[in-house]
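Asker: What follows is a structure written as structure tokens; I'll ask about it next.
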Amino acid sequence: MRTATLVLAAYVLCVIVGACWRLLPAAALRDAVPELGALTSAYLGLTARRHLAPAIGGSVTIGYLVDVISGAPAGLAALVLGFTCLITRSAQQRILVRGAAMTIGFSAFVALVAGVVGLAVRAAVGIPVAAIAVELQHLALVTAATALIGPLVWRVFRRIDAAFARTHRERDAALEGIAP
Amino acid sequence: MTVRRRLLDWSLTGLLILVPALVLRASLQRGTPSAFDAAILRITAPLEAGVSWLAEGVGGLWSRYVALVDVESENRELREDNERLRKELAEMSRRAYDVAALEELAVLKKHTPTDTIGARVIGAPLSPQFRVLRLRLDRGARDVQPDMAVIAGTGPVGKIDKVYGDYADVMLVSDARSKIEVVVKRTGARGWLIGLGRPDSYACTISALELAPQSELRAKAGDELITSGVGSVFPPGLVVGTIEKLEGDDGMFQKVQVRPAVDVSRVRAVIVLLANPPPPDPDAKSKKKSEPAFGVRAL
Chain A
110 MRTATLVLAA
120 YVLCVIVGAC
130 WRLLPAAALR
140 DAVPELGALT
150 SAYLGLTARR
160 HLAPAIGGSV
170 TIGYLVDVIS
180 GAPAGLAALV
190 LGFTCLITRS
200 AQQRILVRGA
210 AMTIGFSAFV
220 ALVAGVVGLA
230 VRAAVGIPVA
240 AIAVELQHLA
250 LVTAATALIG
260 PLVWRVFRRI
270 DAAFARTHRE
280 RDAALEGIAP
Chain B
8 MTVRRRLLDW
18 SLTGLLILVP
28 ALVLRASLQR
38 GTPSAFDAAI
48 LRITAPLEAG
58 VSWLAEGVGG
68 LWSRYVALVD
78 VESENRELRE
88 DNERLRKELA
98 EMSRRAYDVA
108 ALEELAVLKK
118 HTPTDTIGAR
128 VIGAPLSPQF
138 RVLRLRLDRG
148 ARDVQPDMAV
158 IAGTGPVGKI
168 DKVYGDYADV
178 MLVSDARSKI
188 EVVVKRTGAR
198 GWLIGLGRPD
208 SYACTISALE
218 LAPQSELRAK
228 AGDELITSGV
238 GSVFPPGLVV
248 GTIEKLEGDD
258 GMFQKVQVRP
268 AVDVSRVRAV
278 IVLLANPPPP
288 DPDAKSKKKS
298 EPAFGVRAL
């Protein structure tokens with residue numbers, strides 16, 4: 110239920126960002142769409158409790174919805190976000206994402222990981238990629254946008270997590286960004 | 008967590024990673040969204056449409072009401088531009104009007120077989136019923152003299168009446184003092200076209216228009232009148248007007264009302280005939296061309 114709620118919230122955020130971002134004045138800003146899907150899968154991976162499958166399932170689902178919204182081939186973002194979730198899960202025991210600076214840094218890392226995995230998947234399945242300079246520029250813009258918007262998104266996710274907490278300890282841990 | 012549960016978790020994870028890979032492969036092979044994709048899109052579309060509508064509404068609100076800081080100065084600049092362009096347009100229109108008048112004049116002059124001088128209409132006093140009483144031309148005593156004929160594109164306008172310094176007034180065909188000998192083109196009947204001097208129309212009449220014994224030789228409404236060229240300053244053959252209506256007869260002469268051919272309210276430029284045109288050479292058709300002198304032909 111928690112994962113489904115997070116996925117639903119992430120989907121609504123994706124729709125809002127998709128609708129609002131194109132109204133931004135500068136073309137460069139319009140290209141820098143934050144990777145909300147990657148942030149969601151990273152959050153799911155980082156806060157996965159004992160079982161990994163629900164986090165992967167949630168990531169794949171939000172990835173599929175992102176594919177549907179963006180018009181990308183179905184499965185592309187789902188696969189990328191599934192891998193992103195796996196990677197962030199592996200970082201779960203090593204880092205603690207707390208505080209604005211850490212959240213921004215981790216969001217940027219997540220966007221970079223998702224971007225690189227996306228490039229790799231696209232290259233692997235034969236989807237054309239742009240010139241490397243263009244891809245890198247786009248990746249940098251997306252990373253910056255994701256890093257900036259990351260703390261806000263994670264705050265929303267933590268609120269949702271807190272709502273699903275069974276104890277006060279879990280609730281506080283969720284609000285502080287500590288994996289239960 | 009037991010090994011079995013861990014194994015199950017990892018198997019599920021692997022499966023969940025495998026599924027999008029297969030979906031992606033199928034999607035790339037198919038090239039179009041599947042029925043499932045379309046169904047998902049159909050379900051999620053209302054939310055996306057609603058959010059888009061809201062975002063565009065807020066964006067529109069911003070651009071229409073909040074981001075209008077510089078609009079006042081821009082508006083002022085546009086007003087100034089608009090005023091300047093209007094003035095330019097008025098100037099260009101005036102020039103176009105002058106050019107059209109000059110073109111008319113050039114065409115008229117080309118077709119007039121006598122010495123002429125062009126003149127521009129610079130004034131036209133009106134009657135209380137908004138009929139032009141006379142025309143004022145931009146030609147003075149150096150160029151024109153009283154009684155010279157004044158014609159426009161479609162026929163006689165009148166005669167020079169008075170000349171004051173650099174200007175001259177034209178007595179219109181419709182003036183009560185105007186008298187031009189005319190011929191009814193269809194019947195050949197002659198008469199004097201006299202203006203009625205009405206303040207509400209340009210109507211004229213023909214005095215001494217003989218009542219022919221045969222009805223087909225009598226003037227009818229619609230008959231065209233042309234200048235006779237006799238006893239008048241106007242060259243022959245100019246269309247003076249048309250008979251507008253018949254007003255009976257006195258047993259000897261027909262009474263008719265004539266509408267002049269020239270609408271003086273629209274005349275912008277005229278030609279003043281400086282001399283009577285030379286009479287046509289009656290032997291012109293029978294004359295032979297002279298032989299070139301010494302066999303030399305002029306180029």
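If you're matching them up, the sequences are chains A and B in order.
Each residue of the first sequence is one higher than the one before, counting from 110 in our numbering.
Each residue of the second sequence is one higher than the one before, counting from 8 in our numbering.
Even glycine gets a Cβ: it sits at the ideal position worked out from N, Cα and C.
Since the structure is predicted, the reported quantities are computational estimates derived from the model, not experimental observations.
1) Could you say which of Gly180/A, Leu284/A and Ala232/A lies nearest to Gly208/A if we only look at CA atoms?
2) Based on Cα-Cα distance, which residue from Ala219/B, Ser18/B and Leu15/B lies nearest to Arg193/B?
3) Are any of the Cβ atoms in chain A nearer than 8 Å to that of Thr20/B?
4) Quick one, which of Val10/B, Thr249/B, Gly165/B and Val65/B has its alpha-carbon nearest Trp130/A's?
5) Please classify Met99/B: does DSSP put it in a helix, a strand, or coil?
6) If you drop the 5 nearest sequence neighbours on each side, which residues of the same chain put their C-beta closer than 8 Å to that of Leu133/B?
7) Count Cβ pairs between the segment 79 to 96 of chain B and the segment 256 to 275 of chain B that sit closer than 8 Å; are there 3 or more?
8) With 8 Å as the C-beta to C-beta threshold (strictly closer), list the residues of the segment 186 to 197 of chain A near chain B in chain order.
9) Once the 5 residues before and after Val225/A are set aside, which same chain residues still bring their CB inside 8 Å of it?
10) Could you tell me if Pro130/B is buried or exposed, where buried requires 16 or more neighbouring beta carbons within 10 angstroms of its beta carbon?
11) Spatial neighbours of Arg275/A within its chain, please: C-beta separation below 6 Å, excluding the five flanking residues on both sides.
12) If you run the structure through DSSP and keep just helix, strand and coil, what is Val246/B?
13) Under a CB-based cut-off of 8 Å, is Ile258/A close to chain B?
14) Beta carbon of Asp168/B, beta carbon of Val180/B: below 8 Å?
15) In the DSSP assignment, find the unbroken alpha helix (DSSP H) run with Ile213/A in it and report its ends.
16) By the three-class DSSP mapping on this structure, what secondary structure does Val76/B have?
17) Quick one: what's Asp176/B bridged to in DSSP?
18) Any idea which residues DSSP pairs Trp199/B with across the strands?
19) Taking only three categories from DSSP, how would you classify Glu63/B?
20) Does chain A have any CB closer than 8 Å to the CB of Ile24/B?
21) Are the segment 105 to 116 of chain B and the segment 162 to 172 of chain A touching, with three or more C-beta to C-beta distances below 8 Å?
22) Rounded to a whole number of angstroms, what is the C-alpha to C-alpha distance between Leu195/A and Gly154/A?
23) With DSSP as the reference, label Phe241/B as helix, strand or coil.
24) Within 10 angstroms of the Cβ of Tyr120/A, are there 16 or more other Cβ atoms? Answer buried if so, exposed if not.
25) Reducing DSSP to helix, strand and coil, say where Gln261/B ends up.
26) With burial defined as no fewer than 16 other Cβ atoms inside 10 Å of the residue's Cβ, what is the status of Tyr152/A: buried or exposed?
27) Could you give the DSSP three-state label for Lys116/B: helix, strand or coil?
28) By the DSSP assignment, the alpha helix (DSSP H) with Ile233/B in it spans what residues?
29) For Pro182/A, go through chain B and note every residue whose CB falls closer than 7 Å to its CB, in chain order.
30) Given a cut-off of 8 Å, decide if Phe218/A and Met110/A are closer than it, judged by their beta-carbon atoms.
31) Can you check which of these residues, Thr249/B, Ala282/B and Arg146/B, is closest to Ala268/B by C-alpha distance?
32) So that I know if they touch, is there some Cβ in chain B lying closer than 8 Å to that of Leu299/A?
33) Along the chain, where does the beta strand (DSSP E) containing Ile258/A start, and where does it finish?
34) In chain B, which residues lie with their C-beta within 8 Å of the C-beta of Leu132/A?
Answerer: Taking the geometry as given:
1) Leu284/A
2) Ala219/B
3) yes
4) Val65/B
5) Looking at Met99/B - three-state DSSP - the assignment turns out to be helix.
6) Val139 and Leu140
7) no
8) Ala187, Leu188, Gly191, Phe192 and Leu195
9) Leu248
10) A small fix is needed here, since residue 130/B is Gly in this sequence, not Pro. By the neighbour-count rule (16 or more Cβ atoms within 10 Å), Gly130/B is not buried but exposed.
11) none
12) strand
13) no
14) no
15) That run of the alpha helix (DSSP H) goes Ala209 to Val234.
16) coil
17) Arg143/B and Lys169/B
18) Glu188/B and Ser214/B
19) helix
20) yes
21) Counting Cβ pairs under 8 Å, fewer than three are found: no touch.
22) 6 Å
23) coil
24) buried
25) Residue state, collapsed to three classes: strand.
26) buried
27) Lys116/B: helix per DSSP, three-state reduction.
28) No alpha helix (DSSP H) holds Ile233/B; the beta strand (DSSP E) holding it covers Glu231 to Thr234.
29) Leu31, Ser34 and Leu35
30) No, the pair does not count as a contact, with Cβ atoms beyond the cut-off.
31) Thr249/B
32) Because chain A in this structure spans residues 110 to 289, residue 299/A falls outside the shown range and cannot be described.
33) No beta strand (DSSP E) contains Ile258/A, which is instead part of the alpha helix (DSSP H) from Ile241 to Ala272.
34) Per Cβ cutoff of 8 Å: Ala62, Glu63 and Gly66.
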